[in-house]
Structure formats: C-alpha cells, structure tokens
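The block underneath contains the structure these notes are about, expressed in structure tokens.
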Amino acid sequence: MQALLQLLAILLSGAAVASVGLAAGGWMADNTFKKRLSGIVRHGWAPTDGTSPERRASARKVDTVIDILSRLSLPEEGWQSSSVHLKFLQAGILDKRAPRYYFAVKTLLSLVFPAVLALSSHFVLPGIPFARAMALVLFTAAAGYYLPELLLRLITRKRIERMRDSLPDMIDLMVICTESGMGIDAAIARISCEMARANPELAKEFYLSALEMRAGATRIEALRNLALRSHLEELQDLVSMLVQADKFGTGLAESLRVQSDMMRSRRAQRAEELAAKIPVKMLLPLVLFIFPTLLAVLLGPAVIQMIKALSKEALP
72 MQALLQLLAI
82 LLSGAAVASV
92 GLAAGGWMAD
102 NTFKKRLSGI
112 VRHGWAPTDG
122 TSPERRASAR
132 KVDTVIDILS
142 RLSLPEEGWQ
152 SSSVHLKFLQ
162 AGILDKRAPR
172 YYFAVKTLLS
182 LVFPAVLALS
192 SHFVLPGIPF
202 ARAMALVLFT
212 AAAGYYLPEL
222 LLRLITRKRI
232 ERMRDSLPDM
242 IDLMVICTES
252 GMGIDAAIAR
262 ISCEMARANP
272 ELAKEFYLSA
282 LEMRAGATRI
292 EALRNLALRS
302 HLEELQDLVS
312 MLVQADKFGT
322 GLAESLRVQS
332 DMMRSRRAQR
342 AEELAAKIPV
352 KMLLPLVLFI
362 FPTLLAVLLG
372 PAVIQMIKAL
382 SKEALP
C-alpha cells in the first residue's frame, strides 16, 4: 500500500510540473505568434523562419492539457457574456485564451497541488496528526483557489488607478478637439492616438470604442461599453454626460470643461486624503522600530554609566 501511495505521489508531482511547463510553453508560443503577426502587419511580408510542425503539435498538446484542466473550474456555457468574462475585460486582458489559462492555473493550485502536498506530507512527516494534515491541505486548496482571484483584482485596481489619474488630461484633449470643430467620433479616435504613450490602457479603451462605432455600433452603445469595460466611476459619469449631450444636442465643449475641472478637483482631494493618511501609517513603524532605536542610542550610555557607578558603590 505504501509503495502504491509513493507511486501516486510521484505521478501527481510529475503531472503538476508538466502542467506548469506546458502552460508556460503555450504562453511563450502565443507571444511568439503575436510578435510575428505584428511584424507581418508592419512590414507586409512573412518571415522566413515559420513555425515548425513540431511546434504546432506541441502547441496543440498544450491546448489539450489546458482545456482538460480548465474544464474542472470553468463555469457553464455562456460565461463569455457573463460577469466572469467582464472581470478580464476590466483587468485589460482581451485575449480569448486568458480565461482558460486562468481557470487551468486555478484548478492546478486548488486540486492538484494540495493532493501532492497531502501525499508528500504522508511520507515526509509520517507522524503528523490527521487533523493537522487535513487543515494544511484545506488551507492550501483555499489559498490556491482564491489567490488567482486576488491577483486579478489587484491588476484591475492598479489599472483603474492609472486610468483615473490620466482621465482629466484626456478630457482636456477632447475639449480641444471639439472646440476645433471635430465631432465626438473623430475626437475619440484622435485622442486615443495622442494618449497612447502617456496612458496606453485608457487610450486602448477609447480606441476600442472608436472601432465599435466604425463597425456599426451606435455611439451610445459604444460609450456604454466603454464605461462597462473601464469600471471607473469618473468615466461612467463622463459617458452619461456624453450620452445626454448626444440625445439633447447640447454643447460638448463647456460640459467637458466642467467635467474636467470636477475630475481635477477629485484628483486633488485624493492626493490630500493620501497625504492625511501618512501620519497614521507612520505611527506603527515609529513606535516599533524608530523610537526604541533612538531611546537605545540616547539613553544607552547613561544607563551604562549608571550601572558602573552603582556597581562601584556596591563594592566594599
């Protein structure tokens, strides 16, 4: 029985390592394909070193393993139009393969890794109590299940903060474009090109809205999709204002200028709020690390002299 468990542990460990390697290989192959495709689009010619049949076969094997792992935690049919797919859009991940890789890693961390850990602990620490081993396995499974979600939320929050800081500048560019005689469609396309270097995330969202309008979507639908993808409150207010201006035919320049001033005021308030939190955040390191060190440096020599003086008086 023990030999069978050892063999099972070895097989599961090998499967976990192979799955991680295959996922990394598939990601690298996908990036290589994107680089070659972008080179073809830029230069108008295909590179001579095409993908070999062996690489294509290995890519298909990787896709097969990823599909098997992702099916265990992938939601039911229709998740492409649900909140699951919206999370990746709000994180700025537009690749169709990303959700499958995400759920494959989630399955690997929450099922395969705890099983390997349970079998390994059985042989490495044979005297460990069963309750403690089960608690460790359950904690590892819970951490592996929630860790990818926390990472995705962190990526989304950082992206929202970057877009929020650059949104007033983009609205100023929109004011300039509308005052120069451009329509809202042309202004969105122009500012998406102008802000590509300063803030690629926000420029990409506006560029996608411009593509949607070119593809036949109405302006209101494109703007609402922009607010849905961005998950940014200030941008949702801007989209609401643009939708109202499009419906009622009001002037855009003055409304955009008021919106820009309001967003700049909010950005200044956020900066003041962060500055006001600094003393509270510095209190704990001051009390734990800085004040004891200062006391040791300042009072240490006096304490040493006092100890020496008291020891001399104690001698007969």
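Residue numbering for the sequence shown follows my numbering, beginning at 72 and increasing consecutively. Yeah, the Cβ is synthetic: ideal placement off N, Cα and C, and Gly gets one too.
Within 10 Å of its beta-carbon, does residue i have 16 or more other beta-carbons around it, so buried, or fewer, so exposed?
i, result
"LEU370", "exposed"
"GLN340", "exposed"
"ILE375", "exposed"
"ARG24", "Coverage of the chain is limited to positions 72 through 387, which leaves residue 24 absent and any answer about it impossible."
"ILE349", "exposed"
"GLN161", "buried"
"GLY163", "buried"
"SER280", "buried"
"LEU190", "buried"
"LEU165", "exposed"
"PHE400", "No answer is possible for residue 400: it lies beyond the span of the chain, which begins at 72 and ends at 387."
"LEU108", "Any reading at LEU108 must be qualified, since the residue scores a pLDDT of 42, below 50, and its modelled position is unreliable; no value is offered."
"PRO48", "It is not possible to answer for residue 48, since the shown part of the chain is limited to 72 through 387."
"ALA117", "Unreliable placement is indicated for ALA117, whose pLDDT of 40 sits below 50; the coordinate value is still reported in the next sentence. That one is exposed."
"LYS177", "buried"
Put residue i into one of helix, strand or coil per three-state DSSP.
i, result
"PRO372", "helix"
"ILE199", "coil"
"THR321", "coil"
"GLY252", "coil"
"ARG341", "helix"
"ARG268", "coil"
"ALA206", "helix"
Ends of the alpha helix (DSSP H) at residue i?
i, result
"THR296", "In the sequence as displayed, the identity of residue 296 is Asn instead of Thr. 290 to 301 is the span of the alpha helix (DSSP H), which, as asked, contains ASN296."
"ASP256", "255 to 265"
"LYS167", "Note, LYS167: premise wrong, no alpha helix (DSSP H); not H, not E."
"ALA281", "271 to 286"
"SER181", "No alpha helix (DSSP H) contains SER181, which DSSP labels as neither H nor E."
"LEU160", "154 to 161"
Which same chain residues, not among the five before or five after residue i, have their C-beta less than 7 Å away from its C-beta?
i, result
"PHE312", "Going by the sequence as given, residue 312 is Met instead of Phe. Cβ within range, chain order: SER326 and GLN330."
"MET284", "ASP256, ARG290 and ALA293"
"MET245", "ALA258, ILE262 and LEU327"
"LEU273", "MET234, SER237, LEU238, MET241 and MET266"
"ALA298", "LEU306, GLN307 and VAL310"
"ARG243", "Residue identity check: residue 243 is Asp in the sequence provided, not Arg. Here the set comprises SER331."
When the distance is taken between beta carbons, is residue j closer than 9 Å to residue i?
i, j, result
"ALA269", "ASP240", "yes"
"LEU303", "ILE231", "yes"
"SER181", "ALA206", "no"
"VAL155", "PRO185", "no"
"PHE277", "ALA288", "no"
"PHE159", "LEU223", "yes"
"SER192", "ALA202", "no"
"ALA215", "LEU157", "Here residue 215 turns out to be Gly, not Ala, going by the sequence shown. Going by C-beta atoms, GLY215 is not nearer than 9 Å to LEU157."
"ARG295", "VAL314", "yes"
For residue i, I'd like the list of residues in its chain whose CB is within less than 6 Å of its CB, leaving aside the five on either flank, ordered along the chain.
i, result
"LEU323", "THR249 and ALA316"
"ALA367", "none"
"ILE226", "ALA162"
"LEU218", "none"
"ILE378", "none"
Going by beta carbon distance, what residues of the same chain come within less than 8 Å of residue i, once the five residues before and after it are set aside?
i, result
"LEU188", "LEU207, VAL208 and THR211"
"ARG338", "ARG235, ASP236 and PRO239"
Would the beta-carbon of residue i be found less than 8 Å away from any heavy atom of the ligand ADP?
i, result
"GLY322", "With respect to the ligand ADP, the structure offers nothing, as it holds no ligand at all."
Does the CB of residue i have a neighbour CB from chain B at under 9 Å?
i, result
"GLY287", "Absent from the structure: chain B. Only one protein chain is present."
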